[in-house]
Amino acid sequence: MLDRTEPTLLIATPETDWRTVLAESVPVLVLARTAPVDPAAARSAVEGSSRLAGTPDELKAALRYLPSALAADIDDLVRRFSALTRRPAVRLRLEAVEGDACRRFHADYTDLRLVTTYAGPGTDIRETPAEDAPVRRIGTGDIALSKGKLFPGEPPVLLHRSPPIEGTGERRVVLVLDTPDAG
């Protein structure tokens with residue numbers, strides 16, 4: 006078990022039980038996986054930002070315009086996140102990002118969040134709470150489940166940010182899932 010006074014990032018395989026993130030000592034669970042969708046296909050399919058909330062079936066219907074592989078992966082993540090949070094609905098944000106979206110390290114004002122990047126560099130996370138802690142960049146395709154400020158109790162929280170890409174010509178495609186009643 007991890008030391009509660011010095012929480013650290015937990016990297017695991019995609020087969021790891023998502024409930025691991027609910028453990029008191031786990032602030033962020035990263036499920037390392039191969040990108041499920043070709044990044045070029047994700048970039049061409051996603052323009053701007055889509056913000057939706059609903060049941061997994063409602064979100065699946067709303068995203069039926071996406072290429073089948075991307076839609077299938079999002080559907081799987083929405084269903085698993087809904088089961089993990091034990092809530093019938095999920096709040097979803099799918100967006101193309103070309104600038105420095107969240108450039109400062111921060112903790113989210115939510116209870117539990119899922120982030121995955123389909124194209125471009127993944128999220129940066131400090132490995133421990135220390136200001137000089139090493140920063141790990143989550144890989145494209147990896148799934149990050151992180152506790153936010155509203156997680157019950159006094160959860161250990163690690164800070165994260167969007168990678169700085171302003172002026173590089175890079176374009177990220179990012180999926181964020183939250184519980185609708187948090188934040």
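Note that the working numbering has the sequence shown beginning at 6, numbered continuously upward.
C-beta: ideal position from N, C-alpha, C; glycine also.
In this text the structure is predicted, and so the values were computed from the model without any measurement.
- The Cβ atoms of I143 and T128 sit closer than 8 Å to each other.
- Boundaries for D129: no alpha helix (DSSP H) harbours it, while the beta strand (DSSP E) harbouring it runs 129-131, taken from the DSSP string.
- Under a 10 Å Cβ-count criterion, T122 is classified as buried, with 16 or more other Cβ atoms of the shown protein chains found around its own Cβ.
- Residue state for E63 is assigned as helix, using DSSP reduced to three classes.
- Rounded to the nearest angstrom, the gap between the Cα atoms of P168 and R91 is 31 Å.
- As the crow flies, the alpha-carbon of L119 is around 5 Å from that of L150.
- For the 8 Å CB-CB criterion, A94 and A66 do not form a contact.
- Counting only runs of 4 or more residues that sit fully inside the stretch 34-90, the alpha helix (DSSP H) segments are 44-50, 61-67, 73-90, in chain order.
- Annotated as proximal: E100 and G53, with beta-carbon spacing under 8 Å.
- Secondary structure at R177: strand, using DSSP grouped into helix, strand and coil.
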